[in-house]
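Asks: Pasting a structure here, questions to come.
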RNA sequence: GUGAGUGUAGCUCAAUUUGGUUAGAGCACUGGACUGUGGCUCCAGGGGUUGAGGGUUCAAAUCCCUUCACUCACCCCA
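Numbering (this note's numbering), first residue to last: 29 to 450.
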């Protein structure tokens, strides 16, 4: 009986994995330029970490987490991480990273798990590239990571995406806005969709995010969060905007943009693409100045983002297909004596760093050549009885069709010469 | 969780409307033409429980029921 993969979980097969490697490589490059350090944390955390940091009433915590009881006597509830920030902050606090160094710039790659209904750009195990900057309240840091993301998109060749920016205010000013919005909404509650009527009680800001025509209409002249920011938040956001203009980073101000997780405050942002279908966010993030303290650390501001890797891959995949690596040498043998000779030679070449392959089974010269061609080998070395006798093998450059003789007793030395490109 | 759509060869798809012989094509794969030299061309070959199970019928890929999977949308979000 065949066993299939779990719903919403996917394999990244040869042919597509090259694109992922490319993305990861470029991400490392950009993080290095911006002086970020990698952090690796567990996929499994205590459930409490997520319910505390994301918010008890978010959809993720309420119905999307993979949670189970540990087999230990204490039976603690454990959860496969649905996002990265909580775990990074937990590690930051646990290792007291703030003690030796006031500013930490961290990045990570890895899978996240949410039990949602799969669709385009949405899987139950999905990969994120994330970054967190801990220890600075400075708007220059907000601008820095926005520029980092922009640079990253530039070097992977992503285009057609747009950036939206907003400020959600802080614990000082958001309650005031919430109240004003609520006042506006309750007067018009009848014209809101049933969903939004529920949202009004739980998280009124989400009403602004509704796609329902009627709700869009009723919130058209709703108060804007940007008019309710306290002085400190207004200054902070103003400074971010100024830096955006100074660095010519194009964005659209979107005072209706809200975030799904409770810990966000002040600057929030989102990169979207119209080509992704309804899951159109490629990257998003924002500031979370209270989170470290909530998780038992000292008051420490933070700001970060996450990039959805399969969404990014989806967008880049449409542009061009990336090529699989090609073998540098394919050794074609004719006759069992030649095969016996070839096997250790290929082994030694591989040990010297050459990407090498040889013909398998008892196959004709022609079919081995065909296979070498299919794999796009750069060079083919042909060895048969004649060559064994004369001690000279035939080396063929598959691109130029040039052939030359190499002496078999010093074949490695000859092959490792510049011919093979090092 | 709700709704809609789609399941035929390794891949992309015909044949389903109107049930009718042995389910086809292109690409890919294997071999040959070219007995030890790749790509192009030509020829040949292998490969299918038509997602699965049941039903109707002389006859089912085709009609009906059940089920599973996938996809997209709602929702939510990276």
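Even glycine gets a Cβ: it sits at the ideal position worked out from N, Cα and C.
All values derive from a computational prediction rather than experimental measurement.
#1: Select from 304, 429 and 423 the residue whose C-alpha is nearest the C-alpha of residue 439.
#2: Thinking C-alpha only, which one of 297, 110, 344 and 102 is nearest residue 73?
#3: What first and last residue would you give for the beta strand (DSSP E) that runs through residue 173?
#4: Beta-carbon separation of residue 279 and residue 285 under 7 Å?
#5: Roughly how many whole angstroms lie between the Cα atoms of residue 351 and residue 404?
#6: CA-CA distance, residue 322 and residue 379?
#7: Take the Cβ of residue 32 as the centre, count every other Cβ of all protein chains shown within 10 Å, and call the residue buried at 16 or more, exposed below.
#8: Using the Cβ count rule (16 or more neighbours within 10 Å means buried), how would you classify residue 87?
#9: Any idea what DSSP makes of residue 49, helix, strand or coil?
#10: Is residue 417 helix, strand or coil by DSSP?
#11: Could you check what DSSP says for residue 377 in three-state terms: helix, strand or coil?
#12: Please report the straight-line C-alpha distance between residue 97 and residue 115, rounded to a whole angstrom.
#13: Expressed to the nearest angstrom, what Euclidean distance is found between the alpha-carbon atoms of residue 332 and residue 210?
#14: When you compare only the Cα positions, how much space is there between residue 66 and residue 142?
#15: Are the stretch 178 to 195 and the stretch 221 to 238 touching, with three or more C-beta to C-beta distances below 8 Å?
#16: Name, in chain order, the residues that DSSP records as bridge partners for residue 140.
#17: Under a Cβ-count criterion, where at least 16 other Cβ atoms within 10 Å of its own Cβ denotes burial, should residue 327 be classed as buried or exposed?
#18: Can you tell me which of the three DSSP states residue 40 falls into?
#19: Quick one: using the 10 Å Cβ neighbour count with 16 as the cut-off for buried, is residue 450 buried or exposed?
#20: What first and last residue would you give for the beta strand (DSSP E) that runs through residue 225?
#21: In the stretch 65 to 122, which residue ranges form an unbroken beta strand (DSSP E) of at least 3 residues, counting only runs that do not cross its ends?
#22: Could you have a look at residue 330 and say whether DSSP puts it in helix, strand or coil?
#23: Residue 160 by DSSP, collapsed to three states: which one?
#24: Buried or exposed for residue 130, going by 16 or more other Cβ atoms inside 10 Å?
#25: What do you get for residue 51, buried or exposed, if any count of 16 or more other CB atoms within 10 angstroms of its CB means buried?
#26: Could you tell me whether the stretch 179 to 186 touches the stretch 41 to 56, where touching means 3 or more Cβ pairs closer than 8 Å?
#27: Hey, out of 237, 263, 254 and 257, whose CA is closest to residue 165's CA?
#28: Give the secondary structure of residue 25 by DSSP, where H, G and I count as helix, E and B as strand, and everything else as coil.
#29: Under three-state DSSP, which class holds residue 213?
#30: Please determine if the stretch 283 to 300 and the stretch 229 to 248 are in contact, where contact requires at least 3 C-beta pairs separated by less than 8 Å.
#31: In the DSSP assignment, find the alpha helix (DSSP H) that holds residue 439 and state where it starts and stops.
#32: Spell out the partners DSSP gives residue 386 in its beta bridges.
#33: Excluding the 5 residues preceding and the 5 following residue 44 in the sequence, name in chain order all residues of the same chain whose CB lies nearer than 7 Å to its CB.
#34: From the DSSP secondary-structure annotation, give me the bridge partner or partners of residue 410.
#35: Counting beta carbon pairs with one atom in the stretch 250 to 270 and one in the stretch 152 to 159, are three or more of them shorter than 8 Å?
#36: From 382, 89 and 339, pick the residue whose C-alpha is nearest to that of residue 75; which is it?
Replies: The answer reads as follows:
#1: To locate residue 439, count along the first chain from 1; it is residue 411. Answer by Cα proximity: 423.
#2: Counting from one through the first chain, the residue named residue 73 turns up at place 45. Closest option to residue 73, judged by alpha-carbon separation, among 297, 110, 344 and 102: 110.
#3: Your numbering for residue 173 matches position 145 in the first chain. Where residue 173 is concerned, there is no enclosing beta strand (DSSP E), although the alpha helix (DSSP H) it sits in stretches over 167 to 184.
#4: Translated into the one-based positions of the first chain, residue 279 becomes position 251. Translated into the one-based positions of the first chain, residue 285 becomes position 257. At the C-beta level, residue 279 and residue 285 stay beyond 7 Å of one another.
#5: As a working mapping, residue 351 is identified with position 323 in the first chain. As a working mapping, residue 404 is identified with position 376 in the first chain. Within the model, the alpha-carbon separation for residue 351 versus residue 404 is close to 10 Å.
#6: Position 294 of the first chain holds residue 322. Position 351 of the first chain holds residue 379. Taking the CA atoms as reference points, residue 322 sits about 52 Å from residue 379.
#7: Along the first chain, one-based indexing puts residue 32 at 4. Under a 10 Å Cβ-count criterion, residue 32 is classified as exposed, with fewer than 16 other Cβ atoms of the shown protein chains found around its own Cβ.
#8: Within the first chain, the letter at position 59 stands for residue 87. Exposed is the call here.
#9: Stepping through the first chain from its first residue, residue 49 is reached at position 21. Residue 49 falls in the helix class under three-state DSSP.
#10: To locate residue 417, count along the first chain from 1; it is residue 389. Three-state DSSP puts residue 417 in a helix.
#11: Translated into positions along the first chain, residue 377 becomes position 349. Here residue 377 sits in helix by DSSP.
#12: Within the first chain, numbered from 1, the residue matching residue 97 stands at position 69. Within the first chain, numbered from 1, the residue matching residue 115 stands at position 87. Distance from the CA atom of residue 97 to the CA atom of residue 115, rounded to whole angstroms, is 19 Å.
#13: Counted from its first residue, the first chain places residue 332 at position 304. Counted from its first residue, the first chain places residue 210 at position 182. Looking at the two C-alpha atoms, the distance is approximately 29 Å.
#14: On the first chain, position 38 is the one that residue 66 refers to. On the first chain, position 114 is the one that residue 142 refers to. Computed Cα separation, rounded: 24 Å.
#15: Contact between the stretch 178 to 195 and the stretch 221 to 238 is absent: fewer than 3 CB-CB pairs across the two stretches fall below 8 Å.
#16: Within the first chain, numbered from 1, the residue matching residue 140 stands at position 112. 154, per the DSSP bridge assignment.
#17: Here residue 327 refers to the residue found at position 299 of the first chain. Result: exposed.
#18: Taking the first chain and counting its residues from 1, the one referred to as residue 40 is at position 12. Per DSSP, reduced to three states, the secondary structure at residue 40 is coil, with no helix or strand assignment.
#19: Position 422 of the first chain, counted from the start, is the residue given in the question as residue 450. Note that residue 450 has pLDDT 43, beneath the 50 cutoff, so the model's placement of it is unreliable and the number below is only indicative. Looking at its Cβ environment, which holds fewer than 16 other Cβ atoms inside 10 Å, residue 450 is exposed.
#20: Residue numbering aside, residue 225 sits at position 197 when the first chain is read from its first letter. Following the DSSP letters along the chain, one finds residue 225 in no beta strand (DSSP E) but inside the alpha helix (DSSP H) bounded by residues 222 to 230.
#21: Under the rule that a run must span 3 or more residues, the beta strand (DSSP E) segments found entirely inside the stretch 65 to 122 read 72 to 74, 95 to 97 and 105 to 108.
#22: If you number the first chain from 1, residue 330 lands on position 302. In the three-state DSSP reduction, residue 330 falls in the strand class (E or B).
#23: In the first chain, the residue the question calls residue 160 occupies position 132. Looking at residue 160 - three-state DSSP - the assignment turns out to be strand.
#24: Here residue 130 refers to the residue found at position 102 when the first chain is read from its first residue. Classification of residue 130: exposed, given that the 10 Å Cβ count is below 16.
#25: Position 23 of the first chain, counted from the start, is the residue given in the question as residue 51. Buried, since its Cβ has 16 or more Cβ neighbours within 10 Å.
#26: Yes, they touch.
#27: Position 137 of the first chain holds residue 165. Closest in C-alpha terms to residue 165, from the list 237, 263, 254 and 257, comes 263.
#28: Since the displayed the chain opens at 29 and closes at 450, residue 25 lies outside it and no answer follows.
#29: The sequence position of residue 213 within the first chain is 185, counting from 1. Note: residue 213 maps to helix in three-state DSSP.
#30: Three or more pairs of CB atoms, one per stretch, sit closer than 8 Å, so the stretch 283 to 300 contacts the stretch 229 to 248.
#31: Position 411 of the first chain holds residue 439. From DSSP, the alpha helix (DSSP H) with residue 439 extends over 439 to 444.
#32: Along the first chain, read from residue 1 onward, the residue named residue 386 stands at position 358. BP columns for residue 386 point to 359.
#33: Looking up residue 44 in the first chain gives position 16. Result list for residue 44: empty, nothing under 7 Å.
#34: As a working mapping, residue 410 is identified with position 382 in the first chain. When DSSP reads this structure, residue 410 sits in a beta bridge with 360 and 422.
#35: Judged by Cβ distances under 8 Å, the stretch 152 to 159 makes no contact with the stretch 250 to 270, as fewer than three pairs qualify.
#36: Translated into positions along the first chain, residue 75 becomes position 47. Of the candidates 382, 89 and 339, the one whose C-alpha sits nearest the C-alpha of residue 75 is 89.
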